[in-house]
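Asks: The structure's right below; bear with me while I get my questions together.
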Amino acid sequence: MANKRVRLISVPFWMGGSRAGTELGPESIIQSGLARQIRSMGFELVGNSEVNCPRHGVLDPKQPKTKYFPEVKEMSGLVGEQVYRAVMADSFPLILGGDHSVSIGSLAGLTGHYDNLGVIWFDAHGDLNTEETTPSGNMHGMPLAIAMGLSKFKLSDIPGAGPLIKKENVVIIGARDLDPYEKEFIRNEGIACFSMHDIDRLGMKAVMEKAIEIVSKGTDGVHVSFDMDCLDPTEAAGVGTPVPGGISYREAHLALELLAETGRVTSMDIVEVNPLLDVGMRTSRLAVEMATSLLGKRII
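Per the numbering used here, residue 1057 is the first one in the sequence shown, and the count goes up by one each step.
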């Protein structure tokens, strides 16, 4: 990776998934040695900040389809501001969640700088639900829809955010638990989605080659959003919404190693670590491995 300056941005937020524990994820990842690993690779760690996001909220019975919406919106604005500052200071923002609604803020800040951002979305789920289609009302299932302008609440509603993410610049990898609307939207709109079936059939190397080709075409930056539930629960038990049959340990490393080789990745968020559900901090340690693989760590 050309940029040797990394800024850690911790976002201790749980309300997007309505399940306590993910707010402890960032600290658990840091305690698992992330900063030490980054420095050992020759990177300059230029900051390690924690977003002062809401810690408590009250459910509004008038908004059952967007649980904790005011808190999610506030968090997104705060995250976006820090991410934007990191990019403008010529550093690589590594955002630690928190649930996947954190990515709304990540993308808000990034689009304030990049006009045509590519996004690779590692996730067991589609995160393409809107206020009308969500079965749960949990906003961690909506960030891609918000980023692409499909929902009432749009990325452009966040101060400082830039243009919406174009559907042709998005690739979902590892999906295996999609809601009916998400399946229909992916098919009708031609969203690039490599499910676990595709990974099984084609192999991770071929999937990543196709994904990299898609997000590299005409884009001025590539953001990687890595939901730890994309991994098989036997590898990563400490997540809020585990789904059997996920990406294996080596498949995940290969995917991120191939991305690192491109030199095109400009930012990453790693989300949905829940230490309360973990076993011996294994998922947190695995999150450190995922981040360092993307930053260019190699076996030899």
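Every residue, glycine too, gets a C-beta built ideally from N, C-alpha and C. These numbers come from a predicted model, not from an experiment.
1. Please look up how many angstroms separate the CB atoms of Gly1184 and Phe1241, rounded, as I've assumed it's under 8 Å.
2. Measuring alpha carbon to alpha carbon, tell me which of Ile1221, Glu1238, Arg1232 ends up nearest Thr1275.
3. Spatial neighbours of Met1324 within its chain, please: CB distance less than 6 Å, with the 5 preceding and 5 following residues excluded, ordered by chain position.
4. Drop a sphere of 10 angstroms on the beta-carbon of Arg1306, count the other beta-carbons inside from all chains shown, and report buried for 16 or more, exposed for fewer.
5. If I follow the unbroken alpha helix (DSSP H) through Ser1084, where does it start and stop?
6. Is the beta carbon of Ile1228 less than 8 Å from the beta carbon of Asp1285?
7. Which residues does DSSP pair with Cys1249 in a beta bridge?
8. Across which residues does DSSP place Ile1066 in a beta bridge pair?
9. For Arg1061, which residues of its own chain have a beta-carbon under 6 Å away from its beta-carbon, when the five flanking residues on both sides are left out?
10. Closest to Tyr1237 by C-alpha separation, out of Phe1125, Pro1219, Gly1197, would be which residue?
11. Could you check what DSSP says for Met1260 in three-state terms: helix, strand or coil?
12. Is the distance from the Cβ of Val1143 to the Cβ of Val1107 below 8 Å?
13. Does DSSP put Ile1214 in a helix, in a strand, or in coil?
14. For Thr1186, verify whether its CB is less than 7 Å away from any heavy atom of the ligand GTP.
15. Buried or exposed: Val1428, going by 16 or more other Cβ atoms within 10 Å of its Cβ?
16. Roughly how many angstroms lie between the CA atoms of Ile1086 and Ser1192, to the nearest whole one?
17. Under the assumption that Ala1164 contacts Leu1211 (Cβ atoms under 8 Å), give the Cβ distance between them as a whole number of angstroms.
18. From the DSSP output, in three-state form, read off Met1144 for me.
19. In the DSSP assignment, the alpha helix (DSSP H) including Ile1094 goes from what residue to what residue?
20. Taking just the CA atoms, how far does Thr1348 sit from Ile1065?
21. Indicate the three-state DSSP secondary structure (helix, strand or coil) for His1169 in the structure shown.
22. Classify Arg1061 as helix, strand or coil using the three-state DSSP reduction.
23. Take Asp1334 and list the residues in its own chain whose beta-carbon comes closer than 7 Å to its own, dropping the five residues that flank it on each side.
24. Tell me, please, whether the stretch 1255–1263 touches the stretch 1151–1160 by the rule of three or more beta-carbon pairs shorter than 8 Å.
25. Threshold first: 4 residues or longer. Then list the alpha helix (DSSP H) segments lying entirely within the stretch 1281–1341, N to C.
Replies: If we stick to the structure as given:
1. The count along the sequence shown starts at 1 and reaches residue 1184 at position 128. The count along the sequence shown starts at 1 and reaches residue 1241 at position 185. According to the sequence provided, residue 1184 is Leu. The question's Gly does not apply to it. Confirmed, about 6 Å.
2. Taking the first residue of the sequence shown as 1, we reach residue 1275 at position 219. That would be Ile1221, whose Cα lies nearest to the Cα of Thr1275.
3. The residue given as residue 1324 occupies position 268 in the sequence shown. So the qualifying residues of the chain are Leu1150, Val1280, Leu1350.
4. What you label residue 1306 is simply residue 250 of the sequence shown in a count that begins at 1. Arg1306 should be labelled exposed.
5. Within the sequence shown, numbered from 1, the residue matching residue 1084 stands at position 28. 1081–1087 is the extent of the alpha helix (DSSP H) around Ser1084.
6. Indexing the sequence shown from 1 puts residue 1228 at position 172. Indexing the sequence shown from 1 puts residue 1285 at position 229. The answer is no: Cβ separation not under 8 Å.
7. Translated into the one-based positions of the sequence shown, residue 1249 becomes position 193. Ile1228, per the DSSP bridge assignment.
8. Numbered from its first residue, the sequence shown carries residue 1066 at position 10. According to the sequence shown, residue 1066 is Ser rather than Ile. DSSP, once it has assigned bridges, lists Glu1106, Leu1152 as partnering Ser1066.
9. Residue 1061 sits at position 5 when you count from the first residue of the sequence shown. Excluding residues within five positions, the ones whose Cβ falls inside 6 Å are Glu1100, Val1102, Ser1147.
10. Your numbering for residue 1237 matches position 181 in the sequence shown. Among Phe1125, Pro1219, Gly1197, the Cα nearest to that of Tyr1237 belongs to Gly1197.
11. Residue 1260 sits at position 204 when you count from the first residue of the sequence shown. Note: Met1260 maps to helix in three-state DSSP.
12. Within the sequence shown, the letter at position 87 stands for residue 1143. Within the sequence shown, the letter at position 51 stands for residue 1107. Their beta carbons are not under 8 Å apart, which means Val1143 does not touch Val1107 by this criterion.
13. Counting from 1 along the sequence shown, the entry for residue 1214 is found at position 158. Here Ile1214 sits in coil by DSSP.
14. Within the structure as shown, the ligand GTP is missing, as the structure has no ligands at all.
15. Lying outside 1057 to 1356, the shown extent of the chain, residue 1428 is not represented and no answer is given.
16. Here residue 1086 is taken as the residue at index 30 of the sequence shown, counted from 1. Here residue 1192 is taken as the residue at index 136 of the sequence shown, counted from 1. If I take the Cα positions, the gap works out to 31 Å.
17. Here residue 1164 corresponds to residue number 108 of the sequence shown, with the count starting at 1. Here residue 1211 corresponds to residue number 155 of the sequence shown, with the count starting at 1. That belief holds up - the Cβ atoms of Ala1164 and Leu1211 are roughly 6 Å apart, short of 8 Å.
18. The residue labelled residue 1144 in the question sits at position 88 within the sequence shown. Of the three classes helix, strand and coil, the one that applies to Met1144 here is helix, per DSSP.
19. Working through the sequence shown from its first residue, we reach residue 1094 at position 38. Counting along the chain, the alpha helix (DSSP H) containing Ile1094 begins and ends at 1090–1096.
20. Along the sequence shown, read from residue 1 onward, the residue named residue 1065 stands at position 9. Along the sequence shown, read from residue 1 onward, the residue named residue 1348 stands at position 292. Near 15 Å, if we compare the C-alpha coordinates of Thr1348 and Ile1065.
21. As a position in the sequence shown, residue 1169 is number 113, starting the count at 1. In the structure shown, His1169 sits in coil (DSSP, three-state: anything other than H, G, I, E or B).
22. Within the sequence shown, numbered from 1, the residue matching residue 1061 stands at position 5. Arg1061 falls in the strand class under three-state DSSP.
23. Working through the sequence shown from its first residue, we reach residue 1334 at position 278. Correct list, in chain order: Ala1293, Gly1294, Ser1340.
24. no
25. 1305–1318
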